[in-house]
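Q: In the working numbering, the protein residues as written are 223 to 438.
Take this structure first; my questions come after.
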């Protein structure tokens with residue numbers, strides 16, 4: 223589990239490729255004392271460290287991860303957001319982030335407003351349904367507050383977020399331009415609430431659940 227607070231910018235040393243699916247990441251000395259088997263979020267995607275050396279760690283990326291995330295768009299030298307897993311006694315500075323990317327979104331607009339940078343993202347329906355103004359979303363693993371949500375006819379939505387200078391400087395958000403692909407994770411609590419309440423919401427008034435075999 224993560225908090226959506228990017229603690230360091232790493233850089234890609236080796237990209238996943240057919241046959242290897244190995245992602246090698248470099249990071250500043252002293253960042254996160256990772257051990258083999260530890261979880262680490264790379265651009266918001268929870269991965270397992272399978273090799274660790276001073277200043278680098280390697281992960282194995284499976285096909286499902288490549289299909290669901292934007293990791294396949296990475297190039298050697300590209301910066302990546304890094305966050306080590308939370309300790310139980312640690313502070314959650316953003317919101318609870320599982321590192322399980324729901325879908326890939328796309329940057330549609332970028333502008334400056336005072337000391338902030340506004341970003342508009344197109345989120346597919348599987349993420350848009352959980353988004354509300356002033357709610358939380360993880361974009362490339364960075365916990366952000368939604369300023370506005372504009373629903374589209376196909377179920378997708380245009381999401382607006384506003385970034386402070388610190389976030390722009392210390393995350394991959396500095397690279398965001400129109401067409402940039404980003405990993406999106408919807409609010410975990412919203413997904414759980416929908417799952418738990420859906421059977422009750424679709425049941426018609428007066429309907430009763432089918433009776434199963436009685437215990438004797």
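Glycine included, every Cβ here is placed at the ideal spot set by N, Cα and C.
Residue 318: which of 385, 407, 335, 420 sits nearest, CA to CA?
A: Of 385, 407, 335, 420, the residue nearest in Cα terms is 407.
Q: Where does residue 258 sit, in a helix, a strand or coil, going by DSSP?
A: In the structure shown, residue 258 sits in coil (DSSP, three-state: anything other than H, G, I, E or B).
Q: To the nearest angstrom, how far is it from the Cα of residue 384 to the Cα of residue 343?
A: Distance between the alpha carbons of residue 384 and residue 343: 11 Å.
Q: How close, in whole Å, do the beta carbons of residue 265 and residue 293 come, if the pair is a contact with beta carbons under 8 Å?
A: So it is a contact: roughly 7 Å between Cβ atoms.
Q: Can you give the Cα-Cα distance for residue 273 and residue 247, rounded to whole angstroms?
A: Rounded to the nearest angstrom, the two C-alpha atoms are 11 Å apart.
Q: So, using beta-carbon positions, are residue 326 and residue 392 closer together than 8 Å?
A: Taking 8 Å as the Cβ cut-off, residue 326 and residue 392 do not qualify as a contacting pair.
Q: At the level of alpha carbons, what is the spacing between residue 304 and residue 363?
A: Looking at the two C-alpha atoms, the distance is approximately 8 Å.
Q: Residue 358 to residue 322, Cα distance in whole Å?
A: Using only the alpha carbons, I get a separation of about 15 Å.
Q: Rank 366, 337, 387, 269 by C-alpha distance to the C-alpha of residue 316 and give the top, closest one.
A: The shortest C-alpha separation from residue 316 is found at 366.
Q: Would you call residue 336 buried or exposed, if buried means 16 or more other Cβ atoms sit within 10 Å of its Cβ?
A: Exposed, by the Cβ-count rule.
Q: Let me know the secondary structure DSSP gives residue 296 once reduced to three states.
A: In the structure shown, residue 296 sits in coil (DSSP, three-state: anything other than H, G, I, E or B).
Q: Which value, in whole angstroms, describes the spacing of the CA atoms of residue 242 and residue 338?
A: Distance between the alpha carbons of residue 242 and residue 338: 40 Å.
Q: If you pair each beta-carbon of the region 343-352 with each one of the region 375-389, do three or more pairs fall below 8 Å?
A: Yes, the region 343-352 is in contact with the region 375-389.
Q: Rounded to the nearest angstrom, what separates residue 298 and residue 415 at their Cα positions?
A: Looking at the two C-alpha atoms, the distance is approximately 40 Å.
Q: Which residue marks the beginning of the beta strand (DSSP E) containing residue 326, and which one marks its end?
A: Unbroken beta strand (DSSP E) run through residue 326: 325-335.
Q: Could you pull out every residue in the same chain whose Cβ sits closer than 8 Å to the Cβ of residue 390, ignoring the five residues on either side in sequence?
A: Around residue 390: 339, 396.
Q: On the DSSP bridge list, what partners appear for residue 233?
A: Residue 233 pairs with 248, 301.
Q: What does residue 267 pair with, by DSSP beta-bridge criteria?
A: Paired residues: 264.
Q: What residue range does the alpha helix (DSSP H) around residue 390 cover?
A: First-last of the alpha helix (DSSP H) with residue 390: 387-392.
Q: What residues in its chain sit with their C-beta under 7 Å from that of residue 238, if we drop five residues either side in the sequence?
A: Hits under 7 Å: 244, 245, 283, 288, 293, 294.
Q: Would you report the Cα separation of residue 427 and residue 301, rounded to the nearest angstrom?
A: Note on residue 427: pLDDT 45, under 50, position unreliable in the model; no value is reported.
Q: If you follow the alpha helix (DSSP H) that residue 375 is part of, which residue opens it and which one closes it?
A: That residue, residue 375, is in no alpha helix (DSSP H); it is neither H nor E in DSSP.
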